[in-house]
Amino acid sequence: MDLKFEVIKKSNECNARLGTFKTKYGTHKTPMFMPVGTQATVKNVSVEDLKDAHADVILSNTYHLWLRPGEDIVNMAGGLHNFMNYHNGPILTDCGGFQVFSLAKPKDIEEEGVTFKSHLDGKKLFLTPEKSIEIQNKLGSDIAMSFDECPPYPVTHEYMKNSVERTLRWAKRGKKVHSNKGQALFGIVQGGEFEDLRKWSAEETVKLDFDGYSIGGVSVGEDNETKYKMIDYAIPYLPENKVRYLMGVGDPVDIIEGVIRGVDIFDCVLPTRLARHANAFTRTGKINLRNKKYSDDFTPIEENCDCYTCKGYTKAYIRHLVVCDEMLAARLLSIHNIRFLTKLVEDIRESIKNDTLISFRNDFVSKYKKN
RNA sequence: GCGGUAUUGGUGAAGUGGUAACACGGUAGAUUGUGGCUCUAUUAUGCGUGGGUUCGAUUCCCACAUACCGCC
8 MDLKFEVIKK SNECNARLGT FKTKYGTHKT PMFMPVGTQA TVKNVSVEDL KDAHADVILS
68 NTYHLWLRPG EDIVNMAGGL HNFMNYHNGP ILTDCGGFQV FSLAKPKDIE EEGVTFKSHL
128 DGKKLFLTPE KSIEIQNKLG SDIAMSFDEC PPYPVTHEYM KNSVERTLRW AKRGKKVHSN
188 KGQALFGIVQ GGEFEDLRKW SAEETVKLDF DGYSIGGVSV GEDNETKYKM IDYAIPYLPE
248 NKVRYLMGVG DPVDIIEGVI RGVDIFDCVL PTRLARHANA FTRTGKINLR NKKYSDDFTP
308 IEENCDCYTC KGYTKAYIRH LVVCDEMLAA RLLSIHNIRF LTKLVEDIRE SIKNDTLISF
368 RNDFVSKYKK N
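Going by the numbering used here, the first residue of the first sequence is number 8, and it counts up by one from there.
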C-alpha cells in the first residue's frame with residue numbers, strides 16, 4: 008500500500024525534511040518516533056497511556072508473535088489492532104531479522120532462510136523471507152518489513168558483501184509473496200560501515216520499489232562517527248518521495264543527527280527499557296531515579312514536561328517505587344520517556360519549519376550531558 | 001556457682017600465624033529493529049572488649065562481657 012508520503016518542507020541548512028504520510032488512521036507527521044511493543048504491548052503502558060504520550064505508529068515483532076501466541080490467534084482476533092486494542096495509529100511489524108543478529112549463529116544463516124533456537128524453549132525454528140511476510144500478513148500490521156540479516160559489528164567486507172546480496176535476494180522473495188493490499192512493505196538497506204555496500208544495497212533495494220526504505224544494521228556496537236557514516240552512505244540513494252526509517256535508533260542525540268542527515272522515522276526500545284532500569288530522559292541528560300540524591304527531591308522529573316507522570320508525581324515518590332521494586336515505577340517512567348521522545352520530534356519538526364534545526368541541535372547537545 | 005560452646009560487614013556466612021572468600025543488600029555505571037533477564041565497578045584499614053606471646057595475631061594464650069546448652 009502506498010503511504011502517499013509527501014515532503015512538506017526541505018530544510019535549507021541540512022538534509023532534514025518535514026513530511027506526512029497517510030494511512031486509514033489519518034495523516035502522520037514526520038520526523039516521527041515510534042515506541043516499540045514487541046509482544047503486542049508497549050511494555051508496562053496501556054493504549055490510553057500511549058495516546059496521552061502522543062504516540063502514533065507503534066512497532067511489534069514478527070518473531071515474538073510467531074512464537075506466542077502464534078499469528079493464527081492474532082488473525083482470529085481480527086488482527087493486531089483488535090487483539091491489543093490499539094486504534095490510535097498504525098502498527099509496524101519488524102520482520103524478525105534482528106533476531107538473526109541476536110539469536111542465530113552465522114552458520115545457521117542459509118540461502119533458504121535462518122535456523123533459530125527459540126529463546127523460550129530452545130526448540131529449533133526455521134524462518135524464511137516468505138514465512139516472515141506471511142506471518143506479517145496474518146498479523147495485519149499496517150507496515151511490514153522485508154526479511155533481512157542484521158550482521159554484527161564488525162564483520163569483514165567479504166562477509167558483509169555476501170550478507171547484503173543475500174538480504175537483497177530475500178527482499179525479492181518476500182516482495183513476491185506479499186499479497187496484503189492494505190499493508191505497506193518496506194525494504195531494508197544494509198552494508199555495515201562499508202560505503203560501497205551501503206550504496207549498492209540502497210540502489211538495488213530501491214529498484215525493487217518498496218513503499219518505504221529503512222536503514223538497518225545501525226547501532227550494533229560501532230562508535231558514533233561510524234554510525235553517522237552508515238546513514239550518510241545510504242541516504243543519497245534513497246528516493247525523495249518515500250519515507251526513510253532508521254531502525255532501532257532512539258538516543259535523543261542520534262535522532263537529531265539522523266534527522267539532519269535525512270531520516271524521517273525512528274524506533275527504539277530505549278525509552279521503555281531505560282524506564283525498567285529506573286532511568287528517565289531529561290533535556291539535561293539521562294538521570295537514574297534509583298540514585299539516592301532523589302530520595303527527598305519532591306519535584307517532577309522535568310518541571311515543564313506535559314506528560315502524565317510529570318504532572319502528578321515527584322522524583323522522590325518514583326525513587327521510592329523503584330527501590331521497592333513496584334511496577335508503577337516502570338509505567339510512570341515509560342510514559343515520561345516516550346513523551347520525551349515524541350516531544351523531541353515535535354520540536355525537531357518545528358525547527359525544520361523555521362530552518363533552525365542546526366542551532367536546535369547545538370543547543371540540545373550542549374545541554375544534554377552524558378552523565 | 002561450676003563446666004562446655006560460640007562471638008567475623010547492613011544480612012547470611014567462609015577462612016588463615018603473613019594482613020578478611022562467596023552470596024544477598026547498598027552505592028554508582030552500562031542498556032539503541034526488547035528476555036523485565038543481564039552485565040560492570042565499588043562496598044569490613046578490620047574479625048566482642050582488654051591484655052599477653054610473636055618480626056607479625058581475626059587466627060595461639062589469659063581475663064572480662066554477652067548468648068546458648070548442660071550440671072548442682
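Glycine residues also receive a C-beta, built at the ideal position from the N, C-alpha and C atoms.
The C-beta distance from Phe154 to Leu348 rounds to 27 angstroms, too long to fall under 8 angstroms, and the pair is not in contact. For Pro278, no beta strand (DSSP E) segment is defined; the enclosing uninterrupted segment is the alpha helix (DSSP H) at 277–283. Lys236 is the residue among Asp218, Ala178, Lys236 whose C-alpha sits nearest the C-alpha of Asp203. The straight-line gap separating the alpha-carbon atoms of His61 and Ile342 is approximately 10 angstroms.
Assignment of Thr349 by DSSP, reduced to helix, strand and coil, places it in the helix class.
Counting only runs of 4+ residues, the alpha helix (DSSP H) found wholly inside the region 300–334 occupies 315–319, 322–330, in chain order.
The residue among Glu118, Gly147, Leu132, Cys102 with its C-alpha nearest the C-alpha of Ala84 is Gly147.
Going by beta carbons, Phe90 and Asn248 fall outside the 9 angstroms limit. When rounded, the separation of the alpha-carbon atoms in Ile195 and Gly103 is 12 angstroms. Rounded to the nearest whole angstrom, the CA to CA distance from Thr122 to Trp207 is 27 angstroms. DSSP, reduced to helix, strand and coil, places Ala60 outside both helices and strands of the structure shown, so it counts as coil. Straight-line spacing of the CA atoms in Ser139 and Thr69 works out to 7 angstroms. Here Glu119 is exposed, its C-beta having fewer than 16 other C-beta atoms within 10 Å. In chain order, Gly96, Pro97 place their CB closer than 7 angstroms to the CB of Tyr32, counting only its own chain and leaving out the 5 sequence neighbours on each side. With a contact defined as Cβ atoms closer than 8 angstroms, Tyr244 and Val213 qualify at about 6 angstroms.
Shown here, Tyr235 sits in a helix according to DSSP, grouped into three states.
Where Glu13 is concerned, the enclosing beta strand (DSSP E) starts and stops at 13–17. By the criterion of a C-beta distance shorter than 6 angstroms, Thr316 is surrounded in its chain by Leu339, Ile342, His343, once the five residues flanking it on both sides are discounted.
Leaving aside the five residues that flank Gln106 on each side, the residues in its chain whose CB is nearer than 6 angstroms to its CB run, in chain order, Tyr70.
Phe273 carries a strand assignment under DSSP once its states are collapsed to helix, strand and coil. Between Ile142 and Leu72, the C-beta spacing is below 9 angstroms.
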